[in-house]
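Read the structure below first, then the notes.
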Amino acid sequence: MDRANEVPKRLENEIRSMAAHAPKPAPLSPEDRESLRIHIKKLLVEQNAVLVAHVYVDEELQILAEETGGHVADSLGMAYFGNTHPANTLVVIGVRFMGETAKILNPEKRVLMPDLDATCSLDLSCPADEFTTFCDQHPDREVVVYANTSAAVKARADWMVTSSNAVDIVNHLKEEGQKIIFAPDKHLGRYIQQQTGVDMLCWQGFCVVHDEFKAVELKRLMELYPDAEVLVHPESPEAVIALADVVGSTTKLIKAAEESTAKQLIVATDYGIFHSMKAVAPDKELIVAPTGGEGATCISCAHCPWMAMNGLKNLAHVLETGTNQVHVPEAIRVKALAPIQRMLDFSKSNIQKQIDAA
Ligand code: 13P
Ligand code: SF4
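Just so you know, we're using the working numbering here: the sequence shown kicks off at 1 and counts up by one.
Here is the structure:
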């Protein structure tokens, strides 16, 4: 077994256990919720801070970001918004790699996160030192990494991509005659390879949320809803992707929800996305794709355990105290900036259109 297989396999049980034990914010009464919302709004103004939230976080946080002039987006849109907004403080509500990307792009800004332990199984499955050794063994290949990686992994890469632009960027590299290494998601890597036909070595990491969608159960659900359209994120297993009407990034799936003529949509991605889908498709019935058969258990049940660590209480706390600042060592930051900037320059006009439309 080569390193691209062996490292994620060795870490798999540990990662699944971390996902299963990720702490959840304690439930709040409606009165506490409302007073925290008012308090956070006041702190944001006082501190010239803006909320940048991912589409997978809990709905009340997405609503708060929208109400306060912040932004709710996919990881690409978050990076771009943070980089162009004038606030001194960016409060990134998502997972660790999103806060790091914001800091890499904006070293002069203070970047806060409600919980710095909110990680990602893809990031965890790709330790920088072992990935670097792997890349060094294949010096003839361009290194393309997914946004869901640590700053240190990005520092070893030539390009960063997100699920919004991965196929376009890899197509561009293929046209240049490049062979590539892709990391860390095995399903997304295989999907990109199939779409582009590029010569690819792929790291075998996995997402604890998308890896759990089950094709057999999805087929049964499709029989119950024969007119439903099936929307699938490409971090899902191949057999699930094969059943999809639309495969794409979170942004592409939201657009598909808006444009679909179907009344029911079966969605194979984190159900946090339903907030953005309901906004553009209020009349459609949104159904979560199955993560397990009858009586089965699931670790994530279609909601990222680390995205779910963000809540009103820890958000208010970081704004009050200035704790949970994201720091990236300068030597790593400078190296990691190059692949991110390359991607942003490649995708600029598309992202600006998305922000203008929001
Ligand atoms: P996006 O790049 O579409 O925001 O997805 C990030 C992610 O974590 C998907 O699981
Ligand atoms: Fe990572 Fe999966 Fe969570 Fe996205 S949903 S942040 S890929 S663990």
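No residue lacks a Cβ here, since even glycine has one placed at the ideal position from N, Cα and C.
beta-carbon residue i near the ligand SF4 non-hydrogen atom, thresh 7 Å
i           : result
residue 191 : no
residue 52  : no
residue 270 : yes
residue 306 : yes
residue 56  : yes
residue 202 : no
residue 319 : no
residue 122 : yes
residue 207 : yes
residue 240 : no
residue 328 : no
residue 72  : no
residue 95  : yes
For residue i, the first and last residue of its enclosing beta strand (DSSP E)
i           : result
residue 281 : Here residue 281 belongs to no beta strand (DSSP E), and DSSP marks it neither H nor E.
residue 286 : 285-288
residue 200 : 200-202
residue 93  : 89-93
residue 71  : 71-73
residue 232 : 229-232
residue 118 : Run containing residue 118: none; DSSP gives neither H nor E here.
residue 145 : 142-146
residue 110 : 110-112
Burial state of residue i, where buried means 16 or more other Cβ atoms lie within 10 Å
i           : result
residue 70  : buried
residue 321 : exposed
residue 96  : buried
residue 347 : buried
residue 31  : exposed
residue 340 : buried
residue 1   : Confidence is the limiting factor: at residue 1 the pLDDT is only 49, short of 50, which leaves the residue's position unreliable, though a coordinate-based value still follows. With fewer than 16 other Cβ atoms within 10 Å, it is exposed.
residue 10  : exposed
residue 224 : exposed
residue 156 : buried
residue 154 : buried
residue 226 : exposed
residue 165 : buried
residue 123 : buried
residue 185 : buried
residue 152 : buried
residue 210 : buried
residue 305 : buried
residue 189 : buried
residue 129 : exposed
residue 310 : buried
residue 263 : exposed
residue 367 : As shown, the chain starts at 1 and ends at 358. That puts residue 367 outside it, with no answer to give.
residue 137 : exposed
Residue i versus the options, residue with shortest Cα-Cα distance
i           : options            : result
residue 74  : 248, 45, 218, 328  : 248
residue 91  : 236, 323, 345      : 323
residue 359 : 318, 332, 285      : One cannot answer for residue 359 here, as it falls past the ends of the chain, which runs 1 to 358.
residue 179 : 55, 159, 155       : 159
residue 176 : 153, 141, 163      : 141
residue 359 : 124, 254, 291      : This structure leaves residue 359 out entirely; the chain is present only between 1 and 358.
residue 28  : 326, 343, 312, 188 : 312
residue 57  : 274, 122, 170      : 274
residue 363 : 316, 301, 8        : Nothing can be reported for residue 363: it is not among the residues displayed for the chain, which extend from 1 to 358.
residue 174 : 152, 162, 120, 143 : 143
residue 214 : 237, 145, 328, 111 : 237
residue 42  : 279, 64, 263, 25   : 64
residue 21  : 342, 109, 263, 308 : 308
Contact test: residue i Cβ vs the ligand 13P heavy atom, cutoff 7 Å
i           : result
residue 88  : no
residue 126 : no
residue 162 : yes
residue 382 : There is no way to answer for residue 382, as the model of the chain reaches only from 1 to 358.
residue 235 : yes
residue 275 : no
residue 211 : no
residue 250 : yes
residue 168 : no
CB contact below 8 Å: residue i versus chain C
i          : result
residue 89 : Checking the listed chains, one finds no chain C in this structure; it contains a single protein chain.
Range covered by the alpha helix (DSSP H) that runs through residue i
i           : result
residue 181 : Not the alpha helix (DSSP H): residue 181 falls in the beta strand (DSSP E), residues 180-183.
residue 319 : 312-321
residue 167 : 166-175
residue 264 : Residue 264 -> not in any alpha helix (DSSP H); beta strand (DSSP E) instead, spanning 264-268.
residue 160 : No alpha helix (DSSP H) contains residue 160, which is instead part of the beta strand (DSSP E) from 159-161.
residue 28  : From DSSP, residue 28 is part of no alpha helix (DSSP H); its letter is neither H nor E.
Inter-residue CB distance, residue i and residue j (contact presumed, cutoff 8 Å)
i           : j           : result
residue 149 : residue 183 : 7 Å
residue 98  : residue 54  : 6 Å
residue 230 : residue 244 : 5 Å
residue 52  : residue 118 : That pair is no contact at about 14 Å.
residue 208 : residue 16  : 7 Å
residue 113 : residue 328 : Not a contact, Cβ separation roughly 13 Å.
residue 50  : residue 79  : Not confirmed; about 14 Å, so no contact.
residue 163 : residue 234 : 6 Å
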